[in-house]
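Shown next, in structure tokens, is the structure this report addresses.
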């Protein structure tokens, strides 16, 4: 590929030629002659005259090339003691069968299908089946609370929901069917049918609108691939918004396929027949991109793991997976490695496994702290590569591209922008920030292929959320700086979305849940630094005048309320009743100030504060364990 500088320069000076060349690695039904359509700016479109089918590129073409017997997907589930390998030929047949079942239910090109499933092969099968017939899937993280699932059902308006009878979290079996039933009760939009995969751990009673996965597939003829426009949506993936209402990130077919396939070689150095293990979940963007689509587009073998990095049954499971399947590239979140380190600080459990095939460890989802970087590097003896990206971008913005040219690592930095990403740091006035000076991290438009072209049915919100702060730039919502050598340092969020163990969660949605309690007058949720999870949420509430409730009782109810409305993934276990919240004279709660104090900084009192005494009263509460904290399950 040439040097990093050569490739990066080509991508920014002539993106049209760069990405048209990259697109030659994809099999097209109609080969694009143009890479970028800027006529509708800021709604850019990639490969506007191209037609393809993403499922064909992920499965059929490898079978047609004579590699149908190669392992495509490995299912490894320590929580059910199950291991299963699907070859490319077998996975193609499974996907074609389920695509036929969806087609018999009336699902066609452009129709939406919500997938609410645990980490089982059928989740990937359902995603690829939608792609096969031109339908648009929207995967919702299995176990999300009914309220959150209902919001996504109402926004995507799916014709069908695909789910499972249960999921398994550690040692707990979680029944999904009651959660799904409740979500559909809450939703205004009512899907026509629900397809349920029955799992033996807890089968579900089926209602009149429910269909059994196995029976449905057995009666359906397999479906062929349906060519679609490169600009057609492949999926909608919801990410937290600052208002509490989720944002439906749209992913197109052509740009995504081109970018992902290019990234597999350039960033992750994984090619046909090699194995990639991504320890994530298909409910998140990492699972979409690097468990399901990218490895299969590249003809690699992907590992779909149902379990935790620790406790299922021990902190050596990632090493077992890497050894058993001869993993070349592993990708997970820093949280996973902090958890492994906590359980096995000397890494003794690696001794029982042959890790000689492991060449790289990639980490993303939150900032990689230098201590975890050094521990993992010393333990594994392979490059440990931090990289930074978002649900919106679909693939990495900043990384150390080992398939092009590996650069020296600077702990605390995910290295330099990847080709295609023109990253800048701007000060509040929109001027470039000097090297080493923090500011807003932005990307110059147009975004490269694979990034979101808009939000689902909400162009105005797309502009307001990402494009309005600085003309001609995409606002990442992260702050940080770029040093003299072009290394990017991402320091934190600039909005109220916090990062808990790699999961982006809206403090606004948690505040909505707290505010719904009849005794709560006002509230604030902030993300505070946590050694294991990166950040954890802490809630502070002021009770209504005249409330004579015991604080501890209200706090316990609030923890449970958030769990019911958002789900356990919210991880809000500490809520404290306080006399007042610090505010500006205009009435804005000083969340940033509260967060700084809670993180141990000598936070100055802003000049705009209404009552400095409130901050001083709250300071010891913020810096200590909440006196009435409730430790939820």
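Residue numbers (full-length UniProt numbering): 1 to 633. Ideal placement from N, C-alpha and C gives every residue a C-beta, glycine not left out. Nothing here was measured: the structure is a model prediction, and the numbers come from that model.
Report yes if the CB atom of residue i is closer than 8 Å to the CB atom of residue j, and no otherwise.
i, j, result
"residue 450", "residue 255", "yes"
"residue 397", "residue 411", "no"
"residue 635", "residue 603", "Examination of residue 635 is not possible in this model, given that the chain is present from 1 through 633 alone."
"residue 414", "residue 8", "no"
"residue 333", "residue 363", "yes"
"residue 382", "residue 373", "no"
"residue 278", "residue 325", "no"
"residue 529", "residue 599", "yes"
"residue 230", "residue 263", "no"
"residue 75", "residue 304", "yes"
"residue 597", "residue 561", "no"
"residue 316", "residue 349", "yes"
"residue 443", "residue 473", "yes"
"residue 567", "residue 144", "yes"
"residue 153", "residue 175", "no"
"residue 26", "residue 136", "no"
"residue 452", "residue 251", "yes"
For residue i, which beta-bridge partners are listed by DSSP?
i, result
"residue 540", "524, 576"
"residue 266", "Its beta-bridge partners do not exist; DSSP assigns none."
"residue 429", "Answer is none; residue 429 lacks a bridge partner."
"residue 236", "250"
"residue 535", "529"
"residue 417", "398"
"residue 46", "36"
"residue 455", "249"
"residue 5", "Per DSSP, none; premise fails for residue 5."
"residue 478", "493"
"residue 350", "Partner(s): none; residue 350 has no beta bridge."
"residue 52", "228"
"residue 330", "277, 361"
"residue 163", "116, 196"
"residue 302", "73, 276"
Looking only at C-alpha atoms, which of the options sits nearest to residue i?
i, options, result
"residue 60", "33, 88, 298, 376", "88"
"residue 159", "102, 530, 196", "102"
"residue 284", "186, 20, 392, 229", "392"
"residue 178", "456, 204, 38", "204"
"residue 238", "489, 390, 477", "390"
"residue 108", "115, 226, 20", "226"
"residue 33", "315, 476, 24", "24"
"residue 114", "337, 84, 80, 149", "149"
"residue 195", "346, 185, 240, 207", "207"
"residue 606", "582, 139, 31", "582"
"residue 547", "557, 565, 518", "518"
"residue 503", "478, 536, 486", "536"
"residue 306", "409, 169, 249, 445", "169"
"residue 661", "321, 224, 292", "Nothing about residue 661 can be read from this structure; the chain reaches only from 1 to 633."
"residue 272", "314, 63, 246, 466", "63"
"residue 421", "259, 323, 37, 347", "259"
From which residue to which residue does the beta strand (DSSP E) around residue i run?
i, result
"residue 604", "Element bounds for residue 604: n/a, residue is neither H nor E."
"residue 488", "488-493"
"residue 358", "From DSSP, residue 358 is part of no beta strand (DSSP E); its letter is neither H nor E."
"residue 67", "Premise fails: residue 67 is in no beta strand (DSSP E) and is neither H nor E."
"residue 193", "193-197"
"residue 84", "82-87"
Would you mind sorting residue i into buried or exposed? The rule is 16 or more other CB atoms within 10 Å of its CB.
i, result
"residue 94", "buried"
"residue 6", "exposed"
"residue 618", "buried"
"residue 641", "The structure shown does not extend to residue 641, since the chain is modelled only from 1 to 633, so the question has no answer here."
"residue 532", "exposed"
"residue 625", "Reliability fails at residue 625, whose pLDDT of 47 lies under 50, so the model's placement of it is uncertain and the value that follows must be treated cautiously. Answer is exposed; the Cβ neighbour count stays below 16."
"residue 439", "buried"
"residue 436", "exposed"
"residue 354", "exposed"
"residue 491", "exposed"
"residue 478", "buried"
"residue 539", "buried"
"residue 100", "buried"
"residue 611", "exposed"
"residue 15", "buried"
"residue 631", "Confidence is the limiting factor: at residue 631 the pLDDT is only 36, short of 50, which leaves the residue's position unreliable, though a coordinate-based value still follows. Classification of residue 631: exposed, given that the 10 Å Cβ count is below 16."
"residue 481", "buried"
"residue 13", "exposed"
"residue 386", "buried"
What is the residue span of the alpha helix (DSSP H) that residue i lies within?
i, result
"residue 17", "15-23"
"residue 212", "Unbroken run through residue 212 is the beta strand (DSSP E), 210-212; no alpha helix (DSSP H)."
"residue 619", "612-623"
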